[in-house]
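Worksheet: one structure, shown below.
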Amino acid sequence: MKFKKAASLVLAASLTVSGLAACSNGDKSNESTKDGVTTIEFWAAPNPTQQVYWKEIAEEFTKENPDIKVNVSPMKESPTSEAGIQSAIAGGSAPTMSENINRGFAAQLSESKALLPLDELEGWDEIKKNRNMEDTMKGWEFADGHQYVLPIYSNAMLFGWRLDVLKELGFNEPPKTYSEMLEVAKKLKEKYPDKYVWAKPDLADPTAWKRWFDFFMLYNAASDGNKFVEGTEFTGDKKAGEQVLGFVEELQKADALMTRQSKDPFETGLGIFTDIGPWTIPYWADKFPEMKLNETYALALPPVPDGMDTENVKTFADTKGLVVYASATKEQQKAAAEFIKWVYSNPENDLKWLEKTSLPPARDDLTTNDTFKEFFENNPELQPYAAAVPNAIPPMDNSKYNDIQTFIGQHAFNPVVKGEKDPKTAWKDMQEAIEGALK
Amino acid sequence: MSKNQGWLGWLFASPYLLYAIIFFLLPLVWSLFLSVTDWNLISPTYSFVGIDNYTAALKSQGVQSAFFVTFKFMAVFVPLVIAFSIIVALIVQGLPRFKGLFLIGFFLPYLASGVVSSLIVKGILSYNSPLNEFLRGFGIDINWLGSPFAALFVVALIIAWKFTGYYALILTSGFESISKDVYEAALIDGVTPWQRFWKITFPLLYPALFTVLILSIGVTFGIFTEVYQLTGGGPNFATNTWQMEIFTKAFSNLQAGYASAIAIIASIVTFIAIYIIRKLLELWGKRNGWT
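In the order they appear, the protein sequences are chains A and B.
Counting in the numbering used here, the first sequence runs from -17 upward without gaps.
Counting in the numbering used here, the second sequence runs from 101 upward without gaps.
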């Protein structure tokens, strides 16, 4: 009897909860459009500069388009922005659109039908044409032929060199090939045994995204931008891959790598080589004003294997973009298209973005459009980034990118950095693991 | 008890019952369902995969490491936190006044954000921090977060620091419940301070200590923030906890079904481990006549 009572209470409570939960699924269409005004929710990247930019842009847009209201709010990081988005989609509270989406994550979302193909938006071709991004967008086509992400910025990642230390060692410019770099390592250890060429804990960390800023910068350079994975096929360039791993092994043997957690290793001169993104420039201006381009540091393309062309070297493009979620109502989709069209039809908005974030807009005419000329003249540190955009390779668009990049670290890059594996075995083990994951 | 009183009891218990249904029962049922599917929570389609997620999880390096790492954490964290909290409780007991104030002070780390404390520790232990520069001056060079045992010890130490005040609070209430007459009688009998602690304080403190032991063992099954911030589960899975593994699979790899299977395995392991340890502790207490 007692059990019956308890069971009926549990059941009743469960039904009440289910009922309450069901109440929340109202008619989204009516919610999004009220009194002729369509409201779209926009999640901005969780950093103050991008939030300020989007809030200002949204206000200006609404002034000109009073029938569309754009609510800008920061993307939830719980504990990562990707996890926040996933939870929101699962919980039915995804925004209409968001920025800060990389290609790999977009591939995961699009495979789950969570994203709207942007090429199906009204006026998509016009958007691409107006922003002068038709060439850039070609590289953004996904495996199913659709385009899910509008790339907002493209950071061609460069390597920074401590020019002051290089000069002390007798080098007037950063090395361009592996043997030149190994020569620098040798001279550095002779003069400063306590310094390292590359001091970065991430080198020994298998976390997937960390491979973008070490392995892929070197691999893209060595393979001339070869695709690592195409669909379900592993297409990595074995020769280039082994060359990269062999080079890292040589650095490790020369005691030129340091993987211990350290504070500002490049700025303090503990390491003299590291990946640098354009976001570092304003950070240095604020925290390390002594870091001066072509005085204390120089920016360079990744080193390449001996004998390769050292001019048009490929690198990794840290690039993120804007997506529209499939859960948006038809009205919201239409309003989102209007908003995107408005933002990107005026290069002044990209200039404003550049001024606020220092992240190069992903457009074909960045170095030729007069709108940006003055900015780059006043910010010479960012010129190399703009110049490298045509040689920057975006991340893979595979939904299993997280597994694949974890395997690169776990089976190849990290053990070679730690001197635990030889390059050939490392590449073989990595390839087997990736092919297993792609099956 | 009249029929009305029975319903009154249900009424008063209903907020917690409702809470338990919403936050424990429903998620448990939901997890069980997810664990037999390949759903990623956001895809409109999914398939039932039977026990595939469970068999794959049991074979995976991540799950196997999480199993052993939890017990390694237990071996380091539990003695540390128990020792620290007994010391703190004893110190506070010996204070002539402001006991409450000092206890609040020790309790504060429990309220501190794990993210913030982890970042501070990361700074303190970095290669070029003043601490490491100082140690290197004496020829001591420790790769705190890069060597398996040191990394595990550092994480255990941070969590011990966080929980010490909380457990000291429980132990202090245990100390307070020991009658002063017992100590006075022992003093007359001429017992040494060592004997006094082991023969009087410890046995009478056992119920509070039992609670603290069970709570601290439970903590080792839920470690996440410190590991996520400091080591990411590395080096070589040396700090890969259950929560870290579940998070990685669910939110980095979008494998909610597989992650749910790991969560179910983790809860079974947690339940069995805590049950066995509790029984052993009870047996230990009974054998010594403490309970």
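In this text, a Cβ means the ideal position worked out from N, Cα and C, and glycines have one as well.
Simplified DSSP assignment, three categories, for residue i
i                            : result
serine 114 of chain B        : helix
tryptophan 261 of chain A    : coil
methionine 79 of chain A     : strand
glutamate 215 of chain A     : strand
valine 149 of chain B        : coil
glycine 205 of chain B       : helix
leucine 348 of chain A       : coil
isoleucine 259 of chain B    : helix
arginine 242 of chain A      : coil
lysine 110 of chain A        : helix
isoleucine 375 of chain A    : strand
phenylalanine 229 of chain A : helix
tyrosine 160 of chain A      : helix
phenylalanine 210 of chain A : coil
tyrosine 174 of chain A      : coil
threonine 256 of chain A     : strand
asparagine 340 of chain B    : coil
asparagine 7 of chain A      : Caution applies to asparagine 7 of chain A, whose pLDDT of 43 falls short of 50 and renders its modelled position unreliable; the value that the coordinates give is listed next. DSSP places asparagine 7 of chain A in coil when its eight states are reduced to three.
valine 136 of chain B        : coil
lysine 382 of chain A        : coil
threonine 15 of chain A      : strand
tryptophan 36 of chain A     : helix
tryptophan 390 of chain B    : coil
proline 127 of chain B       : helix
tryptophan 266 of chain A    : helix
Residue i vs residue j beta-carbon contact at 9 Å
i                            : j                            : result
alanine 88 of chain A        : phenylalanine 43 of chain A  : no
tryptophan 25 of chain A     : methionine 79 of chain A     : yes
lysine 209 of chain A        : methionine 378 of chain A    : yes
glutamine 68 of chain A      : alanine 190 of chain A       : no
valine 147 of chain A        : glycine 74 of chain A        : no
valine 179 of chain A        : proline 405 of chain A       : no
phenylalanine 298 of chain A : isoleucine 416 of chain A    : no
proline 307 of chain B       : glycine 274 of chain B       : yes
leucine 275 of chain A       : tryptophan 143 of chain A    : no
asparagine 84 of chain A     : glycine 213 of chain A       : no
isoleucine 346 of chain B    : isoleucine 362 of chain B    : yes
isoleucine 22 of chain A     : isoleucine 39 of chain A     : no
glutamine 315 of chain A     : valine 306 of chain A        : yes
glycine 162 of chain B       : phenylalanine 371 of chain B : no
isoleucine 364 of chain B    : leucine 132 of chain B       : yes
Limits of the beta strand (DSSP E) - the one that residue i falls within
i                           : result
proline 133 of chain A      : 132 to 138
aspartate 196 of chain A    : Here aspartate 196 of chain A belongs to no beta strand (DSSP E), and DSSP marks it neither H nor E.
phenylalanine 24 of chain A : 19 to 26
lysine 302 of chain A       : 297 to 306
leucine 281 of chain A      : 279 to 282
Nearest-angstrom beta carbon gap, residue j and residue i [assumed within contact, 8 Å]
i                            : j                            : result
aspartate 176 of chain A     : leucine 185 of chain A       : The pair is not a contact, with the Cβ atoms about 18 Å apart (cut-off 8 Å).
lysine 437 of chain A        : alanine 222 of chain A       : Because chain A spans -17 through 421 in this model, residue 437 of chain A falls outside it and cannot be assessed.
alanine 41 of chain B        : alanine 359 of chain B       : Nothing in the structure corresponds to residue 41 of chain B, since chain B is present only between 101 and 391.
phenylalanine 297 of chain B : valine 181 of chain B        : Wrong, their Cβ atoms sit about 19 Å apart, outside the cutoff.
threonine 331 of chain B     : phenylalanine 173 of chain B : Contact flag wrong, Cβ pair sits at about 12 Å.
aspartate 346 of chain A     : glutamate 116 of chain A     : 7 Å
alanine 189 of chain B       : alanine 286 of chain B       : Wrong, their Cβ atoms sit about 19 Å apart, outside the cutoff.
glycine 334 of chain B       : aspartate 187 of chain A     : 6 Å
phenylalanine 177 of chain B : isoleucine 259 of chain B    : 6 Å
threonine 256 of chain A     : lysine 182 of chain A        : 6 Å
glutamate 326 of chain B     : serine 218 of chain B        : 5 Å
Range covered by the alpha helix (DSSP H) that runs through residue i
i                         : result
alanine 419 of chain A    : 405 to 420
alanine 356 of chain B    : 356 to 387
valine 312 of chain B     : 302 to 320
aspartate 184 of chain A  : First-last for aspartate 184 of chain A: undefined, no H or E at that position.
asparagine 331 of chain A : 329 to 339
asparagine 396 of chain A : 396 to 399
tryptophan 324 of chain A : 312 to 326
glutamine 365 of chain A  : 365 to 370
glutamine 329 of chain B  : 325 to 330
valine 282 of chain B     : 280 to 289
aspartate 117 of chain A  : 116 to 120
threonine 250 of chain A  : 247 to 250
glutamate 150 of chain A  : 145 to 150
- Item | Complete runs of the beta strand (DSSP E) confined to the region 51 to 102 of chain A [at least 3 residues] | 79 to 83
- Message: Which runs of the alpha helix (DSSP H) at least 4 residues long sit entirely within the region 169 to 249 of chain B? Give them in chain order.
- Response: 199 to 211, 214 to 225 and 230 to 237
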